[in-house]
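If you use our numbering, the sequence shown closes out at 179, no skipped numbers anywhere.
The structure appears below as structure tokens.
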Amino acid sequence: MRNWAIALSVCLAACLPQSVVADEDRGSVTNLPIPRFVSLKAPEGNVRRGPSLSHRIDWVFQRSAMPLQITDEFGHWRRVQDQEGVGGWMHYSLLSGARTVIIKEDMTALLMKPEKDAPVNARAEAGVIARLGSCSRDWCRISADGHRGWAPKTALWGVMPDEIRE
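Written as structure tokens, this is what we have:
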């Protein structure tokens, strides 16, 4: 019975795809966390069916600074998806580590402090792209078009629910 358990654990590590093994949550190329968020560096970027120039372009993202989630890596290519789950493969040179978020909830209040009853600095419409600053467990400091404040994480796309940023 003991040999069977050892054989099973060896097979789980060797036989299952990397994405299934719990400890394999880092990119094989960069060793950075997968998934992770980045932003579109260029004003537009081709999204391909596979990780090479020979793969067909399925569409073009046309919104500079748009947050994207990296879900896989292969050489100089990153599999990305947008807020709606649409994605494909992009060359890493089109992506930036600068963090942005998209406002999900229309007229989201940007508060002076990360507290529910804090005074409102501004309001942001759904779809606005904002720079991401620090984040606590439930709040993130963001800025867009000269306005800044704290917004609840639940109103943002482009930050992990458990992510803390200093």
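The beta-carbon is built from N, C-alpha and C at its ideal position, and this holds for glycine as well.
In the three-state reduction of the DSSP assignment, L108 falls in the strand class. With a cutoff of 8 Å on beta-carbon distance, L81 and V99 are scored as not near each other. The beta carbon of E179 sits closer than 7 Å to the beta carbons of S147 from its chain, once the five residues preceding and following it are set aside; these are given in chain order. Across the structure, S67 and D38 are spaced so that their CA atoms are roughly 28 Å apart.
Runs of beta strand (DSSP E) with 3 or more residues, each lying fully within the segment 84-172, are found at 90-94, 100-104, 113-116, 121-124, 133-137, 142-148, 152-157, 160-165, listed in chain order.
For D119, the closest alpha carbon among the candidates R112, A135, H104, E128 is that of A135. If you ignore the 5 residues before and after F87, its C-beta comes within less than 6 Å of the C-beta of P64, all in its own chain and listed in chain order.
Per the C-alpha coordinates, the member of F50, G140, V172 positioned closest to R91 is F50.
Excluding the 5 residues flanking it on each side, I116 has same chain C-beta neighbours closer than 6 Å at A137, A139, V141, in chain order. Where I177 is concerned, there is no enclosing beta strand (DSSP E), because DSSP gives it neither an H nor an E. The distance from the Cβ of M125 to that of G58 is about 36 Å, inconsistent with a contact at the 8 Å cut-off. A straight-line Cα-Cα distance of about 22 Å links P48 and Q75. At least 8 Å separates the beta-carbon of P165 from that of D175. For R39, there is no enclosing beta strand (DSSP E), since its DSSP letter is neither H nor E. Residue environment: T113 is assigned as buried (16 or more neighbouring CB atoms within 10 Å of its CB, all protein chains considered). Between K54 and L107, the C-beta spacing is below 8 Å. Annotated three-state conformation of I47 is coil, per DSSP.
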